[in-house]
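Here is the structure we will look at, set down as C-alpha coordinates.
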Amino acid sequence: MFDKALSFQPLLASVEDLVAVLLAKCDYYRRRIDWDDLDDNAVMDLRVAFEESLAYVDEEKFYAHISARLGDVDKARELWESVVVKRGRDTEAWIQYINFERNLGNYHKCESLFKKAIVKRIDNPTRLIDVWNDMEHEFGTLTTHEDALVRIHQKTKALANEWQAQYAGQEQRKQTKEMKEQEHKRKKGLHRTHQKQKQKEKQASFKKVEGQKELLGIEEDNDQVQTEASSSLKRKASTEDIDQETVKRTKIQPQGSSRGRAPRPARRGKSIALGQSRMSRDHKPAQETETPATVAAEPKSNDDFRAMLLGKK
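Put into C-alpha coordinates, the structure is as follows:
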(Lines of atoms letter the chains of each structure in order from A; the text may use other names.)
(Lines give C-alpha, C1' and ligand atoms only; values in the text may rest on other atoms or scores of the structure.)
Protein backbone atom coordinates (compact mmCIF):
# COMPACT_ATOMS: atom_id res chain seq x y z
CA MET A 1 0.00 0.00 0.00
CA PHE A 2 2.84 2.39 0.86
CA ASP A 3 4.57 1.46 -2.38
CA LYS A 4 1.41 2.37 -4.35
CA ALA A 5 1.14 5.67 -2.47
CA LEU A 6 4.79 6.51 -3.18
CA SER A 7 4.35 5.65 -6.88
CA PHE A 8 1.41 8.06 -7.18
CA GLN A 9 2.79 10.99 -9.21
CA PRO A 10 0.56 13.79 -7.82
CA LEU A 11 1.70 12.77 -4.32
CA LEU A 12 5.37 13.12 -5.27
CA ALA A 13 4.72 16.69 -6.44
CA SER A 14 3.86 17.69 -2.84
CA VAL A 15 6.75 17.42 -0.37
CA GLU A 16 4.49 17.70 2.67
CA ASP A 17 2.32 14.79 1.54
CA LEU A 18 5.43 12.73 0.75
CA VAL A 19 6.88 13.35 4.22
CA ALA A 20 3.57 12.42 5.84
CA VAL A 21 3.49 9.09 3.95
CA LEU A 22 7.12 8.26 4.83
CA LEU A 23 6.59 9.02 8.53
CA ALA A 24 3.41 6.94 8.53
CA LYS A 25 5.38 4.07 6.99
CA CYS A 26 8.07 4.33 9.69
CA ASP A 27 5.43 4.42 12.43
CA TYR A 28 3.70 1.40 10.90
CA TYR A 29 6.84 -0.76 10.95
CA ARG A 30 7.78 0.49 14.42
CA ARG A 31 4.42 -0.67 15.82
CA ARG A 32 4.91 -4.13 14.32
CA ILE A 33 8.04 -4.70 16.40
CA ASP A 34 7.77 -6.66 19.63
CA TRP A 35 10.44 -5.05 21.79
CA ASP A 36 10.48 -8.01 24.15
CA ASP A 37 10.91 -10.52 21.32
CA LEU A 38 12.62 -8.88 18.38
CA ASP A 39 12.03 -10.34 14.95
CA ASP A 40 14.85 -9.89 12.46
CA ASN A 41 12.52 -9.37 9.50
CA ALA A 42 10.49 -6.74 11.33
CA VAL A 43 13.67 -4.97 12.42
CA MET A 44 14.97 -5.05 8.84
CA ASP A 45 11.71 -3.61 7.50
CA LEU A 46 11.90 -0.79 10.06
CA ARG A 47 15.51 -0.01 9.16
CA VAL A 48 14.68 0.06 5.45
CA ALA A 49 11.74 2.38 6.09
CA PHE A 50 13.95 4.81 8.04
CA GLU A 51 16.72 4.68 5.46
CA GLU A 52 14.22 5.52 2.73
CA SER A 53 12.68 8.35 4.72
CA LEU A 54 16.04 9.95 5.62
CA ALA A 55 16.47 10.90 1.96
CA TYR A 56 13.46 13.21 2.30
CA VAL A 57 12.85 13.65 6.04
CA ASP A 58 15.25 15.05 8.63
CA GLU A 59 14.56 12.33 11.20
CA GLU A 60 18.05 11.25 12.27
CA LYS A 61 17.13 11.81 15.93
CA PHE A 62 14.13 9.53 15.70
CA TYR A 63 16.14 6.90 13.86
CA ALA A 64 18.95 7.21 16.41
CA HIS A 65 16.52 6.54 19.28
CA ILE A 66 15.10 3.54 17.41
CA SER A 67 18.60 2.22 16.71
CA ALA A 68 19.49 2.60 20.38
CA ARG A 69 16.38 0.65 21.42
CA LEU A 70 17.24 -2.00 18.87
CA GLY A 71 20.69 -2.27 20.45
CA ASP A 72 22.58 -0.94 17.45
CA VAL A 73 24.74 1.55 19.40
CA ASP A 74 27.21 2.14 16.60
CA LYS A 75 24.41 3.06 14.20
CA ALA A 76 22.84 5.33 16.79
CA ARG A 77 26.18 7.06 17.53
CA GLU A 78 26.75 7.47 13.79
CA LEU A 79 23.34 9.10 13.44
CA TRP A 80 24.01 11.47 16.37
CA GLU A 81 27.33 12.48 14.89
CA SER A 82 25.60 13.37 11.64
CA VAL A 83 23.02 15.35 13.61
CA VAL A 84 25.57 17.55 15.45
CA VAL A 85 27.53 18.05 12.24
CA LYS A 86 24.44 19.27 10.39
CA ARG A 87 23.14 21.24 13.38
CA GLY A 88 26.27 22.47 15.08
CA ARG A 89 24.50 25.53 16.54
CA ASP A 90 21.58 23.51 17.92
CA THR A 91 22.12 23.23 21.68
CA GLU A 92 19.40 20.61 22.13
CA ALA A 93 21.02 18.33 19.54
CA TRP A 94 24.28 18.35 21.53
CA ILE A 95 22.43 17.74 24.79
CA GLN A 96 20.50 14.79 23.32
CA TYR A 97 23.71 13.28 21.99
CA ILE A 98 25.32 13.75 25.44
CA ASN A 99 22.31 12.13 27.13
CA PHE A 100 22.59 9.22 24.70
CA GLU A 101 26.18 8.63 25.79
CA ARG A 102 25.24 9.23 29.43
CA ASN A 103 22.57 6.52 29.27
CA LEU A 104 25.24 4.20 27.95
CA GLY A 105 27.53 5.17 30.84
CA ASN A 106 30.15 6.81 28.61
CA TYR A 107 30.96 9.78 30.88
CA HIS A 108 34.30 10.44 29.24
CA LYS A 109 32.50 10.70 25.91
CA CYS A 110 30.05 13.11 27.54
CA GLU A 111 32.94 15.28 28.77
CA SER A 112 34.45 15.29 25.28
CA LEU A 113 31.11 16.32 23.77
CA PHE A 114 30.77 19.16 26.33
CA LYS A 115 34.22 20.47 25.39
CA LYS A 116 33.34 20.36 21.68
CA ALA A 117 29.99 22.05 22.17
CA ILE A 118 31.24 24.84 24.47
CA VAL A 119 33.55 26.27 21.79
CA LYS A 120 30.76 26.34 19.21
CA ARG A 121 28.59 29.37 18.64
CA ILE A 122 25.54 27.51 19.88
CA ASP A 123 22.17 29.19 20.13
CA ASN A 124 21.74 28.65 23.92
CA PRO A 125 25.10 28.38 25.73
CA THR A 126 23.54 28.98 29.17
CA ARG A 127 21.46 25.81 28.77
CA LEU A 128 24.56 23.77 27.89
CA ILE A 129 26.50 25.20 30.88
CA ASP A 130 23.69 24.27 33.27
CA VAL A 131 23.55 20.68 31.96
CA TRP A 132 27.33 20.39 32.20
CA ASN A 133 27.36 21.63 35.82
CA ASP A 134 24.61 19.17 36.77
CA MET A 135 26.47 16.27 35.21
CA GLU A 136 29.75 17.22 36.92
CA HIS A 137 27.97 17.37 40.28
CA GLU A 138 26.54 13.87 39.69
CA PHE A 139 29.39 12.00 37.98
CA GLY A 140 32.42 14.29 37.71
CA THR A 141 35.74 14.01 39.50
CA LEU A 142 37.72 16.87 41.02
CA THR A 143 39.89 17.10 37.93
CA THR A 144 37.00 17.06 35.48
CA HIS A 145 35.05 19.50 37.65
CA GLU A 146 37.95 22.00 37.76
CA ASP A 147 38.47 21.64 34.03
CA ALA A 148 34.76 22.20 33.46
CA LEU A 149 34.79 25.32 35.68
CA VAL A 150 37.75 26.78 33.78
CA ARG A 151 36.16 26.17 30.40
CA ILE A 152 32.79 27.46 31.61
CA HIS A 153 34.48 30.60 32.99
CA GLN A 154 36.27 31.19 29.69
CA LYS A 155 33.04 30.70 27.80
CA THR A 156 31.16 33.00 30.18
CA LYS A 157 33.81 35.69 29.82
CA ALA A 158 33.78 35.37 26.05
CA LEU A 159 30.01 35.55 26.07
CA ALA A 160 30.12 38.63 28.31
CA ASN A 161 32.56 40.34 25.96
CA GLU A 162 30.45 39.32 23.01
CA TRP A 163 27.25 40.53 24.63
CA GLN A 164 28.97 43.76 25.66
CA ALA A 165 30.18 44.26 22.10
CA GLN A 166 26.71 43.53 20.82
CA TYR A 167 25.24 45.96 23.33
CA ALA A 168 27.80 48.61 22.39
CA GLY A 169 27.00 48.00 18.74
CA GLN A 170 23.31 48.30 19.43
CA GLU A 171 23.89 51.52 21.38
CA GLN A 172 26.08 52.85 18.59
CA ARG A 173 23.45 52.01 16.02
CA LYS A 174 20.81 53.56 18.25
CA GLN A 175 22.84 56.74 18.67
CA THR A 176 23.55 56.85 14.96
CA LYS A 177 19.87 56.45 14.25
CA GLU A 178 18.99 59.18 16.75
CA MET A 179 21.64 61.47 15.27
CA LYS A 180 20.27 60.84 11.80
CA GLU A 181 16.77 61.56 13.02
CA GLN A 182 17.95 64.75 14.73
CA GLU A 183 19.84 65.79 11.62
CA HIS A 184 16.78 65.06 9.55
CA LYS A 185 14.63 67.12 11.92
CA ARG A 186 17.20 69.93 11.86
CA LYS A 187 17.29 69.98 8.07
CA LYS A 188 13.53 69.82 8.00
CA GLY A 189 13.34 72.75 10.44
CA LEU A 190 15.85 74.74 8.38
CA HIS A 191 13.86 73.99 5.28
CA ARG A 192 10.66 75.17 6.95
CA THR A 193 12.42 78.31 8.23
CA HIS A 194 13.79 78.99 4.76
CA GLN A 195 10.35 78.50 3.26
CA LYS A 196 8.81 80.86 5.83
CA GLN A 197 11.55 83.43 5.16
CA LYS A 198 10.94 83.17 1.43
CA GLN A 199 7.21 83.55 2.04
CA LYS A 200 7.81 86.63 4.19
CA GLU A 201 10.13 88.11 1.58
CA LYS A 202 7.59 87.38 -1.09
CA GLN A 203 4.84 89.04 0.95
CA ALA A 204 7.11 92.02 1.70
CA SER A 205 7.97 92.34 -1.99
CA PHE A 206 4.30 92.12 -2.87
CA LYS A 207 3.44 94.80 -0.30
CA LYS A 208 6.29 96.97 -1.59
CA VAL A 209 5.03 96.64 -5.15
CA GLU A 210 1.50 97.41 -3.99
CA GLY A 211 2.80 100.44 -2.07
CA GLN A 212 4.67 101.64 -5.12
CA LYS A 213 1.56 101.18 -7.19
CA GLU A 214 -0.44 103.14 -4.62
CA LEU A 215 2.19 105.90 -4.61
CA LEU A 216 2.16 105.99 -8.38
CA GLY A 217 -1.62 106.12 -8.29
CA ILE A 218 -1.52 108.97 -5.76
CA GLU A 219 1.06 110.82 -7.84
CA GLU A 220 -1.03 110.31 -10.94
CA ASP A 221 -4.07 111.55 -9.04
CA ASN A 222 -2.10 114.54 -7.80
CA ASP A 223 -0.85 115.24 -11.30
CA GLN A 224 -4.37 114.94 -12.60
CA VAL A 225 -5.67 117.22 -9.83
CA GLN A 226 -2.90 119.71 -10.52
CA THR A 227 -3.59 119.51 -14.23
CA GLU A 228 -7.28 120.00 -13.64
CA ALA A 229 -6.58 122.83 -11.20
CA SER A 230 -4.18 124.44 -13.64
CA SER A 231 -6.70 124.07 -16.42
CA SER A 232 -9.39 125.48 -14.14
CA LEU A 233 -7.16 128.40 -13.19
CA LYS A 234 -6.33 129.01 -16.82
CA ARG A 235 -9.97 128.89 -17.74
CA LYS A 236 -10.78 131.19 -14.81
CA ALA A 237 -7.98 133.58 -15.77
CA SER A 238 -9.10 133.54 -19.36
CA THR A 239 -12.67 134.20 -18.23
CA GLU A 240 -11.48 137.01 -15.97
CA ASP A 241 -9.42 138.49 -18.81
CA ILE A 242 -12.41 138.28 -21.07
CA ASP A 243 -14.58 139.84 -18.38
CA GLN A 244 -12.03 142.60 -17.77
CA GLU A 245 -11.73 143.22 -21.48
CA THR A 246 -15.47 143.31 -21.72
CA VAL A 247 -15.66 145.67 -18.76
CA LYS A 248 -12.97 147.85 -20.27
CA ARG A 249 -14.76 147.92 -23.55
CA THR A 250 -18.01 148.62 -21.81
CA LYS A 251 -16.42 151.42 -19.78
CA ILE A 252 -14.62 152.91 -22.75
CA GLN A 253 -17.64 153.00 -25.01
CA PRO A 254 -19.92 155.01 -22.63
CA GLN A 255 -17.12 157.39 -21.75
CA GLY A 256 -16.17 157.90 -25.39
CA SER A 257 -19.75 158.39 -26.44
CA SER A 258 -20.59 160.86 -23.63
CA ARG A 259 -17.26 162.72 -23.42
CA GLY A 260 -17.41 166.30 -24.76
CA ARG A 261 -21.15 166.20 -25.16
CA ALA A 262 -23.41 168.75 -23.62
CA PRO A 263 -27.10 168.93 -23.43
CA ARG A 264 -28.31 170.40 -26.59
CA PRO A 265 -30.37 173.55 -26.16
CA ALA A 266 -33.85 173.45 -27.19
CA ARG A 267 -34.53 174.85 -30.51
CA ARG A 268 -36.70 177.75 -30.80
CA GLY A 269 -40.06 177.01 -31.90
CA LYS A 270 -39.68 173.34 -31.04
CA SER A 271 -40.65 171.28 -28.03
CA ILE A 272 -37.96 170.42 -25.54
CA ALA A 273 -37.35 166.69 -25.29
CA LEU A 274 -37.08 165.31 -21.76
CA GLY A 275 -33.75 163.68 -20.94
CA GLN A 276 -33.89 159.92 -21.04
CA SER A 277 -32.36 157.83 -18.36
CA ARG A 278 -29.00 156.21 -18.82
CA MET A 279 -30.65 152.86 -18.70
CA SER A 280 -32.84 153.81 -21.62
CA ARG A 281 -29.85 155.05 -23.52
CA ASP A 282 -28.00 151.83 -22.81
CA HIS A 283 -30.91 149.84 -24.13
CA LYS A 284 -31.08 151.97 -27.23
CA PRO A 285 -27.52 152.86 -28.10
CA ALA A 286 -28.21 152.83 -31.79
CA GLN A 287 -30.87 155.55 -31.53
CA GLU A 288 -28.88 157.97 -29.31
CA THR A 289 -25.42 157.52 -30.73
CA GLU A 290 -24.85 159.28 -33.98
CA THR A 291 -21.76 158.87 -35.96
CA PRO A 292 -19.77 161.99 -36.89
CA ALA A 293 -20.48 161.34 -40.50
CA THR A 294 -24.21 161.56 -39.83
CA VAL A 295 -23.81 164.78 -37.80
CA ALA A 296 -21.62 166.28 -40.44
CA ALA A 297 -23.99 165.31 -43.10
CA GLU A 298 -26.90 167.23 -41.52
CA PRO A 299 -27.09 170.97 -42.55
CA LYS A 300 -26.72 173.34 -39.60
CA SER A 301 -28.90 176.41 -39.31
CA ASN A 302 -28.27 179.67 -37.54
CA ASP A 303 -30.18 178.44 -34.57
CA ASP A 304 -27.78 175.53 -34.24
CA PHE A 305 -24.74 177.76 -34.18
CA ARG A 306 -26.41 180.02 -31.67
CA ALA A 307 -27.20 177.08 -29.45
CA MET A 308 -23.63 175.84 -29.67
CA LEU A 309 -22.29 179.22 -28.68
CA LEU A 310 -24.67 179.44 -25.75
CA GLY A 311 -23.63 175.98 -24.67
CA LYS A 312 -19.95 176.93 -24.62
CA LYS A 313 -20.63 179.94 -22.49
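Numbered according to the UniProt record's numbering, the sequence shown spans residues 1 to 313. All residues carry an ideal CB built from backbone N, CA and C; glycine is no exception.
Rounded to whole angstroms, the Cβ separation of K25 and A49 is 5 Å, and the two are in contact under 8 Å. Contact between I66 and R121 does not hold, since their C-beta atoms are separated by about 31 Å, which reaches or exceeds 8 Å.
Between A117 and T156, the CB-CB gap reaches or exceeds 9 Å.
Taking the C-beta atoms as reference points, V83 is found nearer than 9 Å to A64.
Only exposed fits W35, as fewer than 16 other CB atoms lie within 10 angstroms of its CB. Annotated as proximal: G140 and Y107, with beta-carbon spacing under 9 Å. Taking a cut-off of 8 Å for Cβ pairs, the region 179 to 190 and the region 130 to 144 do not touch, as fewer than three such pairs fall below it. V73 is a Cβ neighbour of L104, given a cutoff of 9 Å. Residue environment for M308: exposed (fewer than 16 other C-beta atoms within 10 angstroms of its C-beta).
Beyond the five residues adjoining it in sequence on each side, F114 comes within less than 6 Å, by CB distance, of W132 in the same chain, given in chain order. Under the DSSP assignment, D74 falls in the alpha helix (DSSP H) whose first and last residues are V73 to K86.
Around the CB of W94, 16 or more other CB atoms lie within 10 Å, so the residue is classed as buried. Membership of K61 in the alpha helix (DSSP H) is indicated by the continuous run E60 to R69. Here the alpha carbons of L128 and I98 stand approximately 10 Å from one another. Around the beta carbon of I152, a 10 Å sphere encloses 16 or more other beta carbons of the protein chains shown; the residue is thus reported as buried. A168 counts as exposed, since fewer than 16 other C-beta atoms from the protein chains shown sit within 10 angstroms of its C-beta.
Annotation: V119 is outside any alpha helix (DSSP H) and is labelled neither H nor E by DSSP. Taking 9 Å as the cut-off, the beta carbon of L159 is found closer than this to the beta carbon of P125.
For D45, the three-state secondary structure derived from DSSP is helix.
Shown here for K109: same chain residues with a beta carbon closer than 7 Å to its own, the five before and five after excluded, namely E101 in chain order.
DSSP places T91 in the uninterrupted alpha helix (DSSP H) bounded by T91 to N103.
Of D123, H137 and R89, the smallest CA-CA separation from E111 is found for H137. When secondary structure is reduced to three states using DSSP, D34 falls in the coil class, being assigned neither helix nor strand. DSSP places N222 within a helical segment (H, G or I) once states are collapsed to three. Secondary structure of G211 (DSSP, three-state): helix.
Cβ neighbours of D123 within its own chain (closer than 6 Å, five residues either side excluded): R89 and T91. For the pair D27 and I33, the CB atoms are not nearer than the 9 Å cut-off.
The beta carbon of A68 sits closer than 7 Å to those of A76 and F100, all from its chain and outside the five residues before and after it, given in chain order. For W163, the number of other beta carbons within 10 angstroms of its own is below 16, and it is reported as exposed. Straight-line measurement puts the Cα of G211 at about 25 Å from the Cα of E228.
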